[in-house]
Each structure stands twice: as structure tokens, then as C-alpha cells.
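Protein chains in written order, with the UniProt record's numbering: chain A, 1 to 768; chain B, 1 to 768.
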């Protein structure tokens, strides 16, 4: 680990003591979001130290013109960037005309930051002594409302401790912001209008190029010792910002409070000419309810999420804090309400990766959302890809494929590819497999087949067509090969016959054919519609079948393993433990060619395939492959430890599984990858959930049945989780010697526990 | 071919008729240079149509900050760019107050441009009717002096045809120029001072970052009907430019002439505080000699070059024009006078490729310069790399190599790597082999061994160390392999065991060991010095030997060929002739992944190895490999057709050899690659020379003896060339049925002609 300042606590993330070196890291870690917007934990008041300002609106992006050294045909014109949006949280504060700025105060004492995950709020408190020797005590709290998802609320209390003081709260909104990450220093926002009315201010701004119209708004209420005061503000407005300045002579010991309400209305959800009325409607509700009621509602809304999604761990507070942090951040990022949205790798916590959609969603996030929410949420995520099918077909056409072959983008915001590294963009094509797998996984888990004839099959056909065209027949091997790919392990580029990719390709074709057959016999109307639309012929399907039947898989007879790709054994096979520590992380120490020719694996690759298709392989095969590949794996992807944790658990290696678990669950809290300042690793957080539920819990769905093989790390007394399985909720509580099952539902549930059939009746505790 | 407007002529490049669409192409094709500077054929007078302005000073570059999409460790900080230098050729012209601008004239008739290669000048003539209906006849000529290589001279004549006219010549110099190719729109030049004195003007400017100090200067003489006139100019100067305006009332039929002298003095050759005095010295010589005498001297100097370098072709004027164009441009680019300079792929004709040094120099240019100049020129080119050895060692260290291993840069200006594409920068390591090969080639051709103990061996040791460390032992193959490389065929990236690279690696080690042994026994002082410096041990050499002895080479037993790399036969082996023409050139039509997994070859790869080491293989082996690989070769590199022409000739396939010859020799004149506007392909021009001398002439050096196997394309009556072989000049004149040899020298020369020994005595024509 790299950082170790977060105070262990079961329900909260806590920082104590003010350290300017931690500000940017904490801005990431203490981020808040409500699925519709989110923000880094920037201070409300001015801060002149190092800070990374960020406030983001879901789905509002900018197509930043591609920047490369050497252009390759097929590169997209732009990279879709999540945009730092106009700021609504800001409150300039002056104490006897001196600006409050923690970076320049004489002293900051009792500094505490808390992200209360149970209730969904962020607070900060401190005692500051200004240069003018006035000492103040500050308590600030804010949250982004789950109920009113265009609204955020702040309560900021100042109490002068050692003297009376004239204190000014100057809440402001500001569209004169910039993105840290910009290719060409473009201006991303165009401010259209700044206006104010009574105590409300509005900034209408639109994004350049994409023309998202937004209204950033605010209104404030002032209180003295908890009682409303009316203060006539001094109003300031310029081209990009507006502020109200509320001055009050505060007596020593008196508390001056501002409740600031702010947020965004966006033309994604309103008519672009109605953004101010929409904002007024939000403010009306907010001011009517008031900060305290809104906060109570916030707690209730989070309670509702936790009821299903919580995982408890007894006897290991750091592990408990880690898993809750992961679950909390996932829910802050995506709630499944809007089918146009998806789960960006950094969520609303930073700018890296453009805030777009990767295969992480299908490979890691869907299992989490499927089991901890209504099953419509997972379906919404599937539909996102269905809605992008035409763009995926266009994308494949650009790369020379035809006849409806679909290649889903590596990174996207709107269905168009926006990544620009040939070895990834054009070659990391296994992503197509994860998208098909998610359809299979959804059906397996929910039992809802209807999605496949309705929408899924068209996606499966486009993907199967791609694999059929992408493979070619090798006359020397007399088998089909897939040349020039990058597998999940991005520390290999442009390799031939990546086992995972070939296996995915074969499986995708088989799965498409199996579903075509089923739909032909059971859903004839859908079948006719889809065949008319896709013009799929028997002859074409026979060609697919030939590719699938005769796919080549590299293997080593000597090691009795599938090879990650052709030629893997030609490498100098020195394991990670024999690699000098000074050389790690290799992605920061080595040139790219050295990484590529090394045997080192960034994240599960063959083992990712074994994870997806574990039923296809024996335990002995898993063990052989785990023992062969894990020693070469450097886990320099956030997506790596979780899969290894699950597999180590499956192999009964609980200590190793536990170590992998800690690494995945506290990746950001302890900053394992030395980059938490840039934002959190949101999508891998779903992997953390999997490593408990599927790893330690051994949860699977087989033949329409939930199965478990619970194990518990020796460090823990017990852990529990819930699964929403086909609209019944099963609670699983694993202790050192036994496991308890409890069902919220209306019918009996048959499960397998350690291969033994158990019947659970509703509201009846079963111990196994 | 793409363009076909150049008039065939044996000694000149001629364009007739004014076509604005051809201006940028002609600016490239009619470029002039003198080794120390060069320029595109921009008009002297203002031109408002599409133009690509370029004037370049040898060795004056700018380190443009690297621009990439995704940074990889090891990338250099900058790309060294040839710089568009301040302009000295400009002459604004007004006719009765109307500016002369060919793009806006009412009519341009009798437009002719000529690049006289025999005499080394560029001319332009036309009759223009201005909007004010004045018709003028213009004759302009300019050249860059070979004798005074800081000087250029222009004669510009205007004769009003239909009326008297007030004509103003306003010669100017201007440092307010820009580079077309810039990563970040940086300012590249900083103008320090603009001054004038009498009829002379000077601009002192320095390049940003690299701080090259330059003085751009000019002085003009005015004449009426060939007689000097004194005209008091109006002088204008601003922050970046200076001009003199010479107005004269010219009678109808009278000719108003300006002789403008200009150029650059640079602190690479003078004290930076003495640039103006140096410029004055040049101008003093120039004005004293006058335009006509300078032009006579220019003709004589070019005659001197042609005496040795010319190749004549009878019966095929386009072929004749082509080869002379190639020889002319090579001599305009590099004359071997300055060991700090090298041969940029675009010479002084454009900005692409940064004007830096590539492996082209060793693989293509050295044979040309070796045979057509004093052998010191080739030695100077070798020393260039010797002088960069420390930087090559540093470069290898950055990539993780140690102990004096040297990796020469892919692209360089000063010895530092400045290329930034991982698959090239880090992986196209075969370049190291060409640098060793040039040492071998120099010794083979010149017989001068002294360079190797003096300097060359240290380079060979650095290179051998690199290959030793770069190879690794494959336990499955029980041989040494070289993983993750890009061979000469850049349409494959990150492949394993590129045959050419592995062969080069083995050869480099063997050649280093052979020379170490020879120098140990024959040059003991050098041996001791080098061993002390390099700390090379017997043990290390034994390790080298193990790699060389046990190097792996991919091959196909079925096809009886070496394979370009592991897995080549897995590709879909459709030959180029079966590839739809609409798909070509593939580098403009296909995405990069599709190119990579295709079998298509950009330029000779295995065949490049067969070219370098032809004695290692039988004619039958060459034939098998040529027949296997050429059908997959798309020749989308300018360096491809020449090698294939030589090999086709060797195989007696003269028609094919001839077609390849035309493609290489007229690549730019006929714009085969649709890119001549960007500049000329200078380094591949040396390949054109090779395709006649080594291809049709069959010239080789074996066992210290020149050998020939002359053949002649059926389209030609005869062709002749000269070889400076060990300070004697052999002229070879190949006719349809016989070959004549003539020797300028002082001793008999034994040669082999079609394997028959022939003795040539000086000044005695021998016919075989």
C-alpha cells in the first residue's frame, strides 16, 4: 500500500488531521455522487493549495479532438471526455475581511473529514486560526440527493471562538472552469447567460460541439444559532459567474450557518428552454423541505440501498470498511435509472479514461447490479449495448468487416469508438465476447429469457458475424486462427491466438447458434423478424459452425496448460517473486517493448476465461492454470486481484484469497496503485463484491439454482451478504463453522450448499 | 503513377504551362540545394495560391515536444524537426502599383519551369497579363552555390511587353516564417536583430531551445538591359523583416533586372558574434564575381560532380531523366563535407520525417556515396555513427540494457532518439544491424581496414552487446530467440523471430568477434586501448558466441523458405495480384490491424537480408524466396522497388527489373505514392542508383575485386556508369550485345565479368 491515513471504521471513511499532501487523494476518496451527478470532495471555501477540482454531470461529455503522434487509418476523430462542469458548491468566506483558506491559515486543528456511507453524506470540521488571529470552529456537511437527483445541499456552520467577527458567506456558481485533461486546451463550455432573481442565481451554459444545455443553480438560507435570519446580499455577476454576499456580525460563540442548495438541470432531461423553470422547481422543493428534512430523506434512501446491497464483515474493520466503500461508490456512480448511462471506470471522481463505457461493465459490474438491485437494472445495462448495435456495426465496417458484423467499441460514450491506440482500439476485440457473455449471464441469473428474442439475439448475431470474419483458416494448422489481437492482459500486444480471445470467439458463435435454434422453435415471430432484419442464411451459419468447430487453441503438453498465446513459452520465464522489487511496478519502470517480451501478466487472461467458463474445466485444470499463470501476474490492473481472489478461494487457498481481497477492496483507500489522486477505480469495485460473494461465498447459479460453497478467512468472525435471486432475497451469513440462510420472499427456494441440496422457506433461518 | 506533367528531357526537369494544382508538387520536384542549405522551388514573387514554403539550413533543427495519445515509458521528450528557416529569396514585385501574383493574373502564358541538373540551376519564365492589362515577360533563374555554400543567387528579369510601366523590385528577407509541421504550434524562431547597411540587410535570429544563431542576409544589384543602374531604395524594416524597394520607370521592351544575393551564415560554422561580418564577406565575394560568373562556377562545380556520378541511358529518355534526377537530388542533399550532417529522408525538400538520420543512410546511401565520391565521404558517414556511440549506449540503457550495449536511434539529429511509436522506436531494432553492415561494406569496397581498429570496432562491440542481451534462450526451442520486434517490413509489428533481425543479430556478433580476433593479432595497440575502454571479457565473448551459434531461424520446410517471422504461414495467403485494386494502397485504405494480420509486405524484409548477404545463399534459394515473398509485397515503401529490381535482375527477369527500376527512379517525378507535395524521397534515390549499378550492371565487390554481370533492359540501347574503386575510376558502358570498360587510373585493374577474369589497363577501352 502507498497511503495509510484513512481511519478504520465500519460505516464511515474518516480522515483526521489536516495534511495538504493528502488533499488531492482525499478529494478522490471522499467523492460523492447520486447517479445523475457527482463531485470530488473539494472544499466549499477557497483553497490555494494543490487541488483537483471536479464536478460531473452524468452523460454530459465533450468530444476532444484525437491527439496522437502518428495517425493510423480507422482512428476515431475524438475521445469523449467527461467534463468538469460548472461549480455550484463554492462559498467564499471572509472573517473580518480575511479570506478563509486552510492552506494559509495560521493553524488548523481538529480537522476531520467523514464520508458517512450509511447515510450518504460528507462532512468536514476543523478549528482554524486565521492570520488575523480570529479562531473559528467550522462544521460543514453536504450531500447529493438521491431523491431529487438534480439537487445538492450544503450546511456550513461557523462559530467564532475567541472574538466577535464579521463573517461573510459568499455562495457562488461559476462556469469559468476548466478540464485538467484536455488534448488541445480547447474551451469546453460556452456560457450563455448568467441571471439572478431574489436569492436564486442561474448560469445557462452549453458544452462546445456536443451542445448539452445545462443550468447551474443555487439558493441559500442563512441562520444564526439555528434560526433563520434575513440578510440582504450584495449581488455580483460577471460573464461566467454569480454570487451573493451575506455579511453578518457574529458574536463570539454564536453560530452562523448557511444552507446552500444547488445543482444542475440539463437538456438531457428537460426542454432546453425550460432549464431555469426546472431549476426553480427543484429549488422550491429544496427550500420548502429544508436541509434537515432533505438529509433525513437521504438517510432513508441510502438505507433502502443498503438493505439489499450491504455486506457485513465481523472481526475485521478494515475489510468491512473496504467492502462498504466499494458498494457505496458503485451506487453513487450508477443506479440503473437511465438507459443512456453506464459505469465509467472513474465514475464521478476524476477525468481519466474519459468517463466512458468499457467492457468492465459487462465483465465486472453486471453481476453486482444483477444481485443487489431489481433485475431491470441489469437489463437496462444490456439494452445500452442493444441501442448501440448499429454503431457497433458501423465501427466494424470502418475496420473492413461487412454484412452486419458488429465490433463494440473499446471505449464509448454514445456507441462510437473513441479510443485511439491501435493495439487496443483495433485489437483488444475480446470485449465483444464480454458483451455476449453478459446476455448469457443475465439469462442464467434472472431466468428471464425474453430479453434474448426481443433484443439480445441481434447483438449475438452481430458478434458471431464478427468472430466468423475475424478468424482465418491457417493452412499449416488446418484450423481457424485469430491473428493480431490484444487479450485482457494488455502487457501483450498484437499476439496471435490469444487463448482467451479464441475461446470467447468460439463460445460466442456456439451461443448465438444455440439461441437461434431455440428462438426458431419457440419464438417464431421474433425469429422471422430477426431473420428478415439480419438476412442471416443457413449457409452463413454453417460457416460460423466451421469456425467454431475447428478453432485452434494454443497449449503446452509439457505444462498441461493452455498457452496465453502462440509463443508464450519462448519467453524468459522468470516469476514475479524472482523479479527485483526495484523494477516494479513494471509499467512505471520499463519501456513498453520490455514489458511486452516479458512473461509478466497485467491481469487475468487465461484465468479470466477460466473464471467465465469455470464449468468447462475441472478443478485440477484450474489449479494447473492458476499455478502456471499467477506467478507471472503483476496485478497492475485494478481488475486483476478480484478474479484471482475468487479462484484462490475456489482452490481452498484462503490466505491467498484474503490477501487478494484486501488488495482489491482497499485499492483506493490505501492507494495501492499510486494514483488515487486521479480518481477512484469504480468498475473494479464490483470485482471486490464478487470476490466476497463468488469467492468466499462460492455463490454460483447452475441449472436455475443458487449454489454456495461458503468459506471464511481466518481473520473474520463472520460475513454476510444478500442476493436478489429472481425477486426473492436470500441472506447468507457465513460464520467460522456454519452458514445461515434466510429468505425474504414468498416461496421456497432450493439451493445447493457444498453440493448438498437445501430447501429454504421464507422467513425461516436455516443453518448448514 | 499519379502525376504525368514533367516533360521528358535528358538533363532537365521541365514543366510547361501554369497549373496552380501543380504548384506544391513542383515546389518539391524543382527543389534546389547545395549540401549546406536547400529550399523548395517557391516563387520569388508573392503567390496567393496554395503553396508550401520551405527553406532549410543543414543541421539547424528544433526539438519539438513529443506529442502522443498515450505516453509509454522510454519515449523521447522531443522530435527533432528540420526547421523552415527565414526566407531570403523573396522579391515583391509591383507593376504600376499592382502586385505581381501568378494566382490572380488575368493570364499566364508560356509558363515554363526548368531544373537544369547538368548545371545546377532553376529557372522560370512566363508572360503574364496583370489585371491592369500590363503584359510582362519574366525570366528568372536561381541557384545555391556549390562553391560558396552560404550563398544563393537570383537573376530576375522583367520586360514590359505592351506598354511602359513603373516596376518595383522589393527584395526582402523575412524571419516571420512558420513550420507547417509543428506539434504544439510553438514558435520556432526568435528574431534578435534586423539591420541594414548600404544595400545589404541582415536578420539575426536564433532557434528556440536549440539556440542555433543564424544571420540571413541579402544584397541586390539592379540593371536595365544588362547595364547596372543605381537606384536609391526605399528601406523598410520591422521586427522580423527588412526590404529595399527599387522603383524604375521601365520602357516597353526594356528589361529591368535584379540580381539578388542571399543566404545564411550560421554559428555552426562561425562565432555567433561574427555572423554579420561573415555574411558581409560572402556578399563581397558574390557582388564582386557577379551573377554570371557565379553561374559559370556553378556549372563547373556540377560538371565535376557529374564527371564521376553520372549514369547515361540511351534510348529511354524517361529512364535517363529519372536516374539523373535521383543522382542530382542526392548531391544537392549531402556532399560529405561535414561529419555532423547526414542524409534526411526528405533532404531539403520538405518537413516530414524531421530531416533526421534513419537506417536508410547505411543501407542505401553509403553504397552510392562510396562509389561516386572520394572514399572519405563514406568514412565521414561512418564516423557520424561513431561520434554518436555514447548516445546509443545511453539510449540502450533507457530501455534496460547495460554494460555498454548500444542501440542506435531509429531517428536522430544529434545521436539521441527522437521517434515516438513504441513498435518502431523500441522494436525496429534491426537498424543496429545496418550500422554494423555499413562498416563491413566500407571495408569490402574501399579495402581500407584502418577504420575498424580506429573507430569501427567500438561500434561493433556496442552492437554485439545489444544483440547478446536482446536475445533470450527459449527453453522449448532450446535456441536463442528475439521476441517482440518490427522488421524492415513495418507492416508487421511486435513479431517474434523476424528472420532478418535474427540473421542480422547473428551476423553482427560473428562479425564483431572476427574483427576482435583480427585486431588482437594485428593491431595490438588498438586492441589494448579498446579492451580497456570497453572492459570486454573472454567470458562475455563466449556468451555472444553461444547466442550466435544457437540462434533460431523460422523456416518452412514445405515452401523451402525462411519465414519472415514466427507464424507467417498462419496468415490468409492471398497474393497482391488477387487483392482488389480498390483496396490499395493498403496504408491508405485499411485500418492498422488489418494490415498487420494480412500477409502484405511493405518493403523487402527476408529479401533485404538476401540482398545484404547474397553470398550466403544460392541463386536457387534467392529464387525460391523471391517467388515466395514478392507476390505478397505491396512496395508501399520507397525503399522497396530498388532491392526487388536488383534481385529480379540477378534472377535474369529483366522486364520485371525494368518495371521496378521505373518505379524507383520516377517515384517522385510521377508521384507514385501520392505525396510528392510533402517533399522528395531522397534516401531511396540511392536505391535507384543501386538498381542500375548493382542490378543491371551486376556490380559487386568480392575478394577485393570488382565483378560485373551486365544485363540491359530491352527498352534501352545502352547505359553507362562510373565507379570510383580504390582511387581509380572505372567506366562501364553496357550495350545490348557487349560491355565496354574504360579505366581512369594508374594501374591495371583485374575484374570479373560474368565470372570471367578481365584485366583493364588505364585508358584502354576493353570490350567484353
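All C-beta atoms, glycine included, are put in the ideal place defined by N, C-alpha and C.
A straight line joining the alpha-carbon of residue 453/A with that of residue 526/A spans about 6 Å. Residue 3/A is a Cβ neighbour of residue 670/A, given a cutoff of 8 Å. With contact defined as three or more Cβ pairs closer than 8 Å, the region 706-722 of chain A and the region 742-755 of chain A are in contact. Taken in chain order, the unbroken stretches of beta strand (DSSP E) that lie wholly in the region 206-243 of chain B and span 3 residues or more are 213-224, 227-229 and 234-237. Burial state of residue 359/B is buried, judged by a 10 Å Cβ sphere holding 16 or more other Cβ atoms.
Judged by DSSP secondary structure, residue 331/A falls within the alpha helix (DSSP H) whose first and last residues are 317-333. For the pair residue 423/B and residue 493/B, the CB atoms are nearer than the 8 Å cut-off.
Contact of residue 379/B with chain A by beta-carbon distance below 8 Å is absent, the smallest such distance being about 33 Å. Identification of chain A residues near residue 395/B by a Cβ-Cβ cut-off of 9 Å yields none; the smallest Cβ-Cβ distance measures about 10 Å. Remark: C-beta atoms of residue 159/B and residue 253/B approach each other more closely than 8 Å.
Counting C-beta pairs closer than 8 Å gives three or more between the region 548-565 of chain B and the region 592-609 of chain B, which meets the contact rule.
Taken through DSSP and simplified to helix, strand or coil, residue 539/A comes out as helix. Classified as buried, residue 152/A has 16 or more neighbouring CB atoms from the shown chains inside 10 Å of its CB. Residue 303/A and residue 620/A have their C-alpha atoms roughly 43 Å apart. When Cβ-Cβ separations below 8 Å define contact, residue 420/A makes contact with chain B. For residue 591/A, the closest Cβ of chain B is nearer than 8 Å.
For a Cβ distance threshold of 8 Å, residue set 73 of chain A lies close to residue 588/B, ordered along the chain. Nearest in C-alpha terms to residue 27/B, of all of 44/B, 280/B, 580/B and 34/B, is 44/B. When DSSP reads this structure, residue 495/A sits in a beta bridge with 485/A. Under the 10 Å beta carbon count, residue 184/B is surrounded by fewer than 16 other beta carbons and is classified as exposed. Residues 641, 642, 645, 684, 687, 688 and 691 of the same chain have their beta carbon placed closer than 7 Å to that of residue 664/A, with the five preceding and five following residues left out of the count. Distance from the CA of residue 433/B to the CA of residue 463/B, rounded to the nearest whole angstrom, comes to 8 Å. At least one CB atom of chain A sits nearer than 8 Å to the CB of residue 474/B. Taking the Cα of residue 361/A as reference, the smallest distance to any Cα among 344/A, 376/A and 351/A is reached at 344/A.
DSSP, read as helix, strand or coil, puts residue 306/B in helix. By the CB criterion at 8 Å, residue 505/A and residue 544/A fall outside the cutoff. By the Cβ-count criterion, residue 702/A is exposed, with fewer than 16 other Cβ atoms from all chains shown falling within 10 Å of its own Cβ.
The shortest CA-to-CA distance from residue 716/B to any of 83/B, 658/B and 334/B is the one to 658/B. In the displayed model, residue 422/A falls within a helix according to three-state DSSP. Taking every protein chain shown into account, the CB of residue 52/B has 16 or more other CB atoms within 10 angstroms, so this residue is buried. Residue 161/B is not a Cβ neighbour of residue 200/B, given a cutoff of 8 Å.
Taking a contact as a CB-CB distance under 8 Å, the pair residue 33/B and residue 67/A does not count as one, their CB atoms being some 33 Å apart.
Two segments are said to touch when three or more pairs of C-beta atoms, one from each, lie closer than 8 Å; by this definition the region 611-631 of chain A does not touch the region 508-516 of chain A. Residues of chain B whose Cβ lies closer than 7 Å to the Cβ of residue 496/A are, in chain order, 567 and 570. At a C-beta separation below 7 Å, residue 493/A has these neighbours in chain B: 494. For residue 66/B, the closest Cβ of chain A is nearer than 8 Å.
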